[in-house]
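Student: Numbering follows our numbering, in which position 3 of the sequence shown is assigned residue number 4; successive positions increment by one, without gaps. The beta-carbon is built from N, C-alpha and C at its ideal position, and this holds for glycine as well. Before I ask anything, let me first share the structure, which is written out below as C-alpha coordinates.
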Amino acid sequence: MMVRLLAFALHADGRLLFGRGLSTDGEPDLWLRNLHDEVELRIELGPPDEKRVRKACAWAKNVIIYTYQQHNAEVWWKQQARNLRRFDKLCVRRLAEPAAMELASLARRNIQLQCTIRGRALLVG
2 MMVRLLAFAL
12 HADGRLLFGR
22 GLSTDGEPDL
32 WLRNLHDEVE
42 LRIELGPPDE
52 KRVRKACAWA
62 KNVIIYTYQQ
72 HNAEVWWKQQ
82 ARNLRRFDKL
92 CVRRLAEPAA
102 MELASLARRN
112 IQLQCTIRGR
122 ALLVG
(Lines of atoms letter the chains of each structure in order from A; the text may use other names.)
(Lines give C-alpha, C1' and ligand atoms only; values in the text may rest on other atoms or scores of the structure.)
Protein backbone atom coordinates (compact mmCIF):
# COMPACT_ATOMS: atom_id res chain seq x y z
CA MET A 2 0.00 0.00 0.00
CA MET A 3 2.73 2.46 0.92
CA VAL A 4 4.66 1.81 -2.29
CA ARG A 5 1.47 2.55 -4.23
CA LEU A 6 1.24 5.88 -2.41
CA LEU A 7 4.88 6.59 -3.19
CA ALA A 8 4.32 5.90 -6.90
CA PHE A 9 1.22 8.09 -6.80
CA ALA A 10 3.23 10.96 -5.31
CA LEU A 11 6.04 10.57 -7.83
CA HIS A 12 3.64 10.69 -10.78
CA ALA A 13 1.04 13.06 -9.33
CA ASP A 14 -1.51 14.13 -11.89
CA GLY A 15 -5.21 14.90 -11.63
CA ARG A 16 -5.97 11.98 -13.98
CA LEU A 17 -3.81 9.41 -12.18
CA LEU A 18 -5.99 6.65 -10.73
CA PHE A 19 -5.43 3.70 -8.44
CA GLY A 20 -6.26 0.30 -9.87
CA ARG A 21 -8.76 -1.88 -8.05
CA GLY A 22 -6.00 -3.94 -6.49
CA LEU A 23 -5.15 -7.60 -6.34
CA SER A 24 -8.75 -8.69 -6.76
CA THR A 25 -8.87 -7.38 -10.34
CA ASP A 26 -6.59 -9.42 -12.56
CA GLY A 27 -4.98 -7.50 -15.40
CA GLU A 28 -5.56 -4.03 -13.98
CA PRO A 29 -2.45 -2.01 -13.07
CA ASP A 30 -1.66 -0.61 -9.64
CA LEU A 31 -1.90 2.92 -11.05
CA TRP A 32 -2.77 4.33 -14.44
CA LEU A 33 -3.22 7.61 -16.19
CA ARG A 34 -5.60 8.02 -19.13
CA ASN A 35 -5.67 11.00 -21.45
CA LEU A 36 -8.80 12.85 -22.60
CA HIS A 37 -9.23 10.33 -25.46
CA ASP A 38 -9.33 7.48 -22.89
CA GLU A 39 -5.94 6.15 -24.06
CA VAL A 40 -3.60 4.84 -21.37
CA GLU A 41 -0.72 7.31 -21.13
CA LEU A 42 0.98 5.67 -18.16
CA ARG A 43 0.63 2.28 -16.52
CA ILE A 44 2.44 1.64 -13.23
CA GLU A 45 3.04 -1.87 -11.90
CA LEU A 46 4.46 -2.65 -8.47
CA GLY A 47 6.55 -5.71 -7.81
CA PRO A 48 7.92 -8.07 -10.41
CA PRO A 49 5.22 -8.90 -13.00
CA ASP A 50 5.65 -11.76 -15.43
CA GLU A 51 6.77 -11.09 -18.99
CA LYS A 52 3.28 -11.73 -20.40
CA ARG A 53 1.81 -8.97 -18.20
CA VAL A 54 4.58 -6.56 -19.24
CA ARG A 55 4.02 -7.35 -22.92
CA LYS A 56 0.29 -6.66 -22.53
CA ALA A 57 0.96 -3.43 -20.61
CA CYS A 58 3.36 -2.17 -23.30
CA ALA A 59 0.82 -2.98 -26.00
CA TRP A 60 -1.88 -0.85 -24.33
CA ALA A 61 0.01 2.00 -22.70
CA LYS A 62 2.25 4.70 -24.11
CA ASN A 63 4.58 4.36 -21.09
CA VAL A 64 4.98 1.59 -18.51
CA ILE A 65 6.87 1.85 -15.25
CA ILE A 66 7.61 -1.06 -12.92
CA TYR A 67 8.67 -0.34 -9.35
CA THR A 68 10.36 -3.20 -7.55
CA TYR A 69 10.97 -2.97 -3.82
CA GLN A 70 11.97 -6.35 -2.38
CA GLN A 71 15.67 -6.54 -3.15
CA HIS A 72 16.15 -10.31 -3.37
CA ASN A 73 12.95 -10.94 -5.35
CA ALA A 74 13.73 -8.00 -7.66
CA GLU A 75 17.25 -9.23 -8.39
CA VAL A 76 16.11 -12.78 -9.14
CA TRP A 77 13.27 -11.46 -11.34
CA TRP A 78 15.58 -9.12 -13.24
CA LYS A 79 18.16 -11.85 -13.89
CA GLN A 80 15.41 -14.05 -15.31
CA GLN A 81 13.58 -11.37 -17.31
CA ALA A 82 16.14 -8.71 -18.28
CA ARG A 83 16.86 -10.03 -21.76
CA ASN A 84 13.15 -10.28 -22.60
CA LEU A 85 12.23 -6.93 -21.05
CA ARG A 86 14.94 -4.87 -22.76
CA ARG A 87 13.05 -5.12 -26.06
CA PHE A 88 10.19 -2.94 -24.75
CA ASP A 89 11.11 0.67 -25.48
CA LYS A 90 8.06 1.94 -23.54
CA LEU A 91 9.23 0.22 -20.34
CA CYS A 92 11.12 1.71 -17.42
CA VAL A 93 12.08 -0.45 -14.42
CA ARG A 94 12.95 1.31 -11.17
CA ARG A 95 14.09 -0.27 -7.95
CA LEU A 96 13.16 1.18 -4.58
CA ALA A 97 15.91 0.37 -2.10
CA GLU A 98 14.64 -2.17 0.42
CA PRO A 99 15.60 -0.10 3.51
CA ALA A 100 13.63 2.84 2.10
CA ALA A 101 10.64 0.57 1.38
CA MET A 102 10.77 -0.85 4.90
CA GLU A 103 10.97 2.61 6.42
CA LEU A 104 8.05 3.73 4.29
CA ALA A 105 6.04 0.69 5.38
CA SER A 106 6.73 1.54 9.04
CA LEU A 107 4.81 4.81 8.56
CA ALA A 108 1.55 3.00 7.77
CA ARG A 109 -1.11 3.72 10.36
CA ARG A 110 -4.86 3.90 10.40
CA ASN A 111 -6.00 7.42 9.35
CA ILE A 112 -2.46 8.43 8.41
CA GLN A 113 -1.78 11.83 6.90
CA LEU A 114 1.34 12.09 4.78
CA GLN A 115 3.14 14.99 3.21
CA CYS A 116 5.44 14.38 0.24
CA THR A 117 8.05 16.81 -1.03
CA ILE A 118 9.95 16.16 -4.23
CA ARG A 119 13.21 17.98 -4.86
CA GLY A 120 15.18 16.91 -7.87
CA ARG A 121 15.61 13.16 -7.53
CA ALA A 122 14.82 13.08 -3.80
CA LEU A 123 11.43 12.36 -2.24
CA LEU A 124 10.81 13.29 1.38
CA VAL A 125 7.84 11.68 3.14
CA GLY A 126 6.65 12.83 6.54
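Are T68 and L96 close, meaning C-beta to C-beta below 8 Å?
Tutor: yes
Student: Tell me which residue opens and which closes the alpha helix (DSSP H) that N73 is part of.
Tutor: Q71 to L85
Student: In whole angstroms, give me the CA-to-CA distance for F19 and P29.
Tutor: 8 Å
Student: Report yes if the CB atom of A8 is closer than 8 Å to the CB atom of I66, and no otherwise.
Tutor: no
Student: Considering K52, what are the terminal residues of the beta strand (DSSP E) in which it resides?
Tutor: It is not in any beta strand (DSSP E) - K52 instead sits in the alpha helix (DSSP H) that spans E51 to W60.
Student: If you reduce the DSSP assignment to three classes, tell me which class L128 lands in.
Tutor: For residue 128 there is no data in the structure shown, the boundaries of the chain being 2 and 126.
Student: CA-CA distance, A74 and C116?
Tutor: 25 Å
Student: Under DSSP, the alpha helix (DSSP H) around A105 begins and ends at which residues?
Tutor: E98 to S106
Student: Tell me which residues share the same chain as M3 and place their Cβ nearer than 7 Å to its Cβ, disregarding the 5 neighbours each side in the sequence.
Tutor: L104, A105, L107 and A108
Student: Taking E45 as part of the beta strand (DSSP E), name the residues at either end of that continuous run.
Tutor: V40 to L46
Student: What is the C-beta distance between L42 and A59, in whole angstroms, given that I count them as a contact (C-beta under 8 Å)?
Tutor: The Cβ separation is near 14 Å, so there is no contact.
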